[in-house]
Amino acid sequence: MTVLIIKTAASILIGFLAGPAAVYVFNHMPAGWLCEYGEDPSDDPRLTAGEKRIKENPWRWVYAVGFIGLCLRLSLFEYEEGGLLSVQSGVTAMTTQLAAAGLIACWILLIIALADLKFMIIPDQFVLLLALSSIGFVPLWRNDSSGWETLNGFWQPLIGMAIGGGFMLLCAIAGKLIFRQEAFGVGDVKLCAAMGLVLGINGTVAAVAAAVIISGFVAAAGLASGRYRKGDRKPLGPYLCGCAIAYIFIAIPFA
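Residue 1212 in the working numbering is what sits at position 25 of the sequence shown, and the numbering runs on without skipping anything.
Below you can see the structure in the form of structure tokens.
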């Protein structure tokens, strides 16, 4: 019971801080991170007007509630024998590490989604941080039973990276050759590769497939309603990040 109380209190506190922190970091990150390499941030009035890139209220509290729910979900569900709220030796430590890794990855994914949604850019700095956060998921692959235990799950995230990045790269090349226009940007390719390191094989396939399908339905609905025009460029990053967050929230505890 003591462990349960501590985890619940810690989840509420961490989530309460993570939401406002995401809004603050997005509003104060260097303007150069939100434009293409070689471009002058002063050419974009959205980066020089002095206005908040995203409103602090109500979004910092909306995100706070979301992160509280995420922390509770990841920290109170044990990943190995013992089940929900188990406090067996070794299991609690692994759960805490995976909960922390999941929180960090989702926090970074939120920043990336906001950047792509607002400025059609995926900052390399946060993609790199997302890739580094995959280190926290090592226990997940080490205890994996799907046949990829070799070298403590060494191949699981690497194959996930190859699947995610490789698929998006092939789609980008195909779009150039077939439709003579950019289907996916290089940022999407790098984001999917980093997601692969975090989610592994099954998670990458599920998140990327869901993102492509959902974005396709949204685009079709937008064209049918007249909100979108043929040739309009819309960001894929928010869909990728949203599906990755959903996978971490829903599926990771059952891994």
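Yeah, the Cβ is synthetic: ideal placement off N, Cα and C, and Gly gets one too.
Annotated three-state conformation of Asp1230 is helix, per DSSP. Under the DSSP assignment, Gly1413 falls outside any alpha helix (DSSP H); it carries neither an H nor an E label.
Residue range 1342–1361 is occupied by the alpha helix (DSSP H) that includes Met1355.
Between Cys1222 and Ile1308, the C-beta spacing is below 8 angstroms.
Of the residues assessed, Phe1404 falls on the exposed side of the cut-off, its CB having fewer than 16 other CB atoms within 10 angstroms. Scanning its chain for C-beta atoms nearer than 6 angstroms, with the 5 sequence neighbours on each side dropped, one finds around Ala1286 the residues Leu1261, Ser1262, in chain order.
Secondary structure at Pro1425: helix, using DSSP grouped into helix, strand and coil. Rounded to the nearest whole angstrom, the C-alpha separation of Arg1416 and Leu1410 is 6 angstroms. For Lys1194, the uninterrupted alpha helix (DSSP H) run begins and ends at 1189–1215, by DSSP.
Rounded to the nearest whole angstrom, the C-alpha separation of Cys1358 and Met1382 is 17 angstroms.
For Tyr1434, the three-state secondary structure derived from DSSP is helix. Under the DSSP assignment, Gly1253 falls in the alpha helix (DSSP H) whose first and last residues are 1246–1262. Between Ile1388 and Gly1353 a beta carbon distance of about 12 angstroms is seen, past the 8 angstroms cut, so the two are scored as non-contacting. Excluding sequence positions up to five before and after Lys1239, its CB lies within less than 7 angstroms of the CB of Asn1214, all in the same chain and listed in chain order.
For Ala1318, the enclosing alpha helix (DSSP H) has its first and last residue at 1311–1320. Taking the Cα positions, Ala1361 is about 27 angstroms away from Leu1301. Judged by their CB atoms, Phe1324 and Ala1288 are nearer to each other than the 8 angstroms cut-off. Residues of the same chain with a CB within less than 6 angstroms of the CB of Leu1259, apart from the 5 flanking positions on each side, are Ser1198 in chain order. With respect to Leu1257, Phe1436 sits close: the two C-beta atoms are nearer than 8 angstroms. When DSSP states are grouped into helix, strand and coil, Cys1293 belongs to the helix group. With fewer than 16 neighbouring CB atoms inside 10 Å of its own CB, Val1249 falls in the exposed class. For the set Met1216, Ile1400, Pro1217, Tyr1211, the Cα lying nearest the Cα of Asn1244 is the one of Tyr1211.
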